[in-house]
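Take the sequence shown: its position 203, counted from the start at 1, is 193 in the numbering used here, and no numbers get skipped.
Just so it is clear, CB atoms sit at the ideal spot from N, CA and C, and this is done for glycine as well.
Computed from a predicted model, the values in this text were never measured in an experiment.
This report refers to the structure that appears directly beneath it.
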Amino acid sequence: MTQASTDAPVLVEFQRGGNDRIETRHRGWIAVVDSSGRLLWHVGDANQAFALRSTAKPFQLLPLLLDGLHTGGDHGASLKPADLAIMMSSHNGELMHTERVAAMLTRFQLPQSALKCGVEAPALRADRERLVRANEPASVLHCNCSGKHTNMLAVCSHQGWPLESYLDASHPLQIRIRDILTTLAGQPDTPLPQSIDGCSLPTYWLSLAALGLLFAYIAEPDAAPPVEGRGIETELTTLRAAGVQHPELIAGSGRLDTLLMQCLGGRIFAKTGAAGLYALALPAGPRVPSALGIAIKVEDGD
């Protein structure tokens, strides 16, 4: 796993006024990986490492699923697929998103003040104008990561772990998430480089090929290795189904994740990262002989 270099191949050229008039170039890397870990195709060095950012959100949901908090048991809340979708979303802060996050906080008896993701204005102008007309300030609910933070607080509450320090890399939940990521990436004994995400949580660095492998497991859950001493086929199947059933909650109106999953009728699971990072899970089908994970990074973030 290597740090990103400056020799990224050109992925896209925009031309204006003829074939010899190139206005902009966007460089980057692509890795296509199957669920056995084989690198089937790549552009550039697939061992380049990048911060996972929001592509980690499906895997940050695994502790909640492994603990059964979605099933309505003694400590669960009988969550619907839409609830799980918002918990791994990078949402626009539309009303459908904020209402869903607020409902999750209520269901787990968590105060809104426990969210430490920060206040963020809604992504869409119409929603910002709606707040202005109503004389309402933006809140933590509008933050695109508020669903993920609610997920984490629910797990902490269930486990009896402190809520106030859930952002810390040394918190039991963050250690658990890190261990899940290293296990799935096939690097259980390798410390992952670590940074701080835009929402103040830890984010870890993996190679583009490793990110592709993680998403190949979403595409073919029974290929994933055991996590915490048990298989996770059911959990990966559950989170993928939640995303493809409710793509509008994974991102929102006009967003690529949402449009791809809607247009392809649930054939893929798509998740944006940040700064030009993107990941896709493609289950095997008539045109795809084996399940694939695709990871893309555009160097300039555009």
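With A159 and Q184 assumed to form a contact (beta carbons below 8 Å), what rounded beta-carbon distance in angstroms separates them?
Right, the Cβ-Cβ distance comes to about 6 Å (below 8 Å), so this counts as a contact.
How close, in whole Å, do the beta carbons of N9 and G242 come, if the pair is a contact with beta carbons under 8 Å?
That belief does not hold up - the Cβ atoms of N9 and G242 are roughly 37 Å apart, past 8 Å.
Which word fits D73, buried or exposed, when buried means at least 16 other C-beta atoms lie within 10 angstroms of its C-beta?
D73 is buried by the Cβ-count criterion.
Nearest by alpha-carbon distance to A231: which of P48, L85, P276 is it?
Taking only the C-alpha atoms, the option nearest A231 is P48.
So, helix, strand or coil for E300, using DSSP?
Lying outside -9 to 292, the shown extent of the chain, residue 300 is not represented and no answer is given.
Between which residues of its own chain and M251 is the CB-CB distance below 6 Å, once the five residues before and five after are set aside?
Counting only Cβ-Cβ distances below 6 Å, and skipping sequence neighbours, we find V234, P237, A260.
The beta strand (DSSP E) that contains Q50, what's its start and end?
Looking at the DSSP string, Q50 is not in any beta strand (DSSP E); the run it does join, the alpha helix (DSSP H), is 47 to 50.
Taking 9 Å as the threshold (C-beta atoms), are R43 and A265 in contact?
A contact, by the Cβ cut-off of 9 Å.
Out of curiosity, what's the CA-to-CA distance linking P53 and H132?
Answer to the nearest angstrom: the Cα atoms are 24 Å apart.
Secondary structure at H60, three-state DSSP: helix, strand or coil?
H60: coil per DSSP, three-state reduction.
For S26 and V122, what's the separation of their Cα atoms in angstroms?
When rounded, the distance between both Cα atoms is 51 Å.
Look at K287 and L198 and say whether their C-beta atoms are less than 9 Å apart.
Yes; because the gap between Cβ atoms is below 9 Å, this pair is in contact.
Please report the residue range of the beta strand (DSSP E) in which L100 lies.
Element bounds for L100: n/a, residue is neither H nor E.
Could you tell me if T228 is buried or exposed, where buried requires 16 or more neighbouring beta carbons within 10 angstroms of its beta carbon?
With 16 or more Cβ atoms within 10 Å of its Cβ, T228 is classed as buried.
Let's see if you can read the secondary structure: which residues bound the beta strand (DSSP E) around V145?
Here V145 belongs to no beta strand (DSSP E); instead the alpha helix (DSSP H) covers 136 to 149.
Could you tell me how far apart the beta carbons of A274 and G202 are, in whole angstroms, since I believe they sit closer than 8 Å?
Not a contact, Cβ separation roughly 15 Å.
Apart from the five residues just before and just after I258, which ones in its own chain have a Cβ nearer than 7 Å to its Cβ?
Result list for I258: L250, M251, L270, A271, L272, in chain order.
Can you list, in chain order, the residues of its chain with a C-beta nearer than 7 Å to that of I170? Leave out the 5 residues immediately preceding and following it.
Correct list, in chain order: F49, L52, V217.
Per DSSP, what kind of secondary structure is E3 in: helix, strand or coil?
In this structure, E3 counts as strand in the three-state DSSP scheme.
Would you decide whether P112 is buried or exposed? Buried here means 16 or more other CB atoms lie within 10 Å of its CB.
Label assigned to P112: buried.
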